[in-house]
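Before any comments, here is the structure.
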Ligand SMILES: [Zn+2]
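In the working numbering, the protein residues as written are 6 to 117.
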């Protein structure tokens with residue numbers, strides 16, 4: 006689960022990716038964001054949720070660490086595009102998160 010600011014940043018990148026796709030491919034209709042299931046899980050998102058207006062999050066079996074703009078048009082190659090190396094960048098900001106452990110804290114003993 007990421008914090009609200011991180012999520013806002015991520016959504017902004019999704020919106021930019023979709024906007025860039027639509028600008029370059031005005032005859033395509035983008036309908037989703039494709040992400041690896043692993044990334045959806047670690048970001049605390051849900052597959053099938055409408056993450057932006059008219060844009061649904063899909064687990065697409067693609068690589069982790071980025072997202073794809075999903076559309077009804079054809080692209081050279083995989084049929085999807087806009088690989089954005091953004092998920093790792095956003096998710097890695099979580100590395101500094103403190104880890105909480107159940108149970109009483111160990112008393113700190115002075116060295117002998
Ligand atoms: Zn397209």
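Don't be surprised by glycine CBs; every beta carbon is placed ideally from N, CA and C.
Which of helix, strand or coil DSSP assigns to residue i
i          : result
residue 46 : helix
residue 21 : helix
residue 64 : strand
residue 52 : coil
residue 84 : Caution is warranted here: a pLDDT of 45 is assigned to residue 84, below 50, making its placement in the model unreliable, and no coordinate value can be reported.
residue 26 : helix
Identity of the residues DSSP links to residue i by a beta bridge
i          : result
residue 73 : 39
residue 57 : 60
Expected contact under 8 Å - CB spacing of residue i and residue j to nearest Å
i          : j          : result
residue 60 : residue 23 : 6 Å
residue 38 : residue 74 : 7 Å
residue 32 : residue 70 : Contact doesn't hold; Cβ gap of about 29 Å is too wide.
residue 25 : residue 67 : Going by Cβ atoms, the distance from residue 25 to residue 67 rounds to 18 Å, so no, they are not a contact pair.
Contact shell at 5 Å, judged by CB to any heavy atom of ligand 1, ordered along the chain: 30, 33, 76, 78
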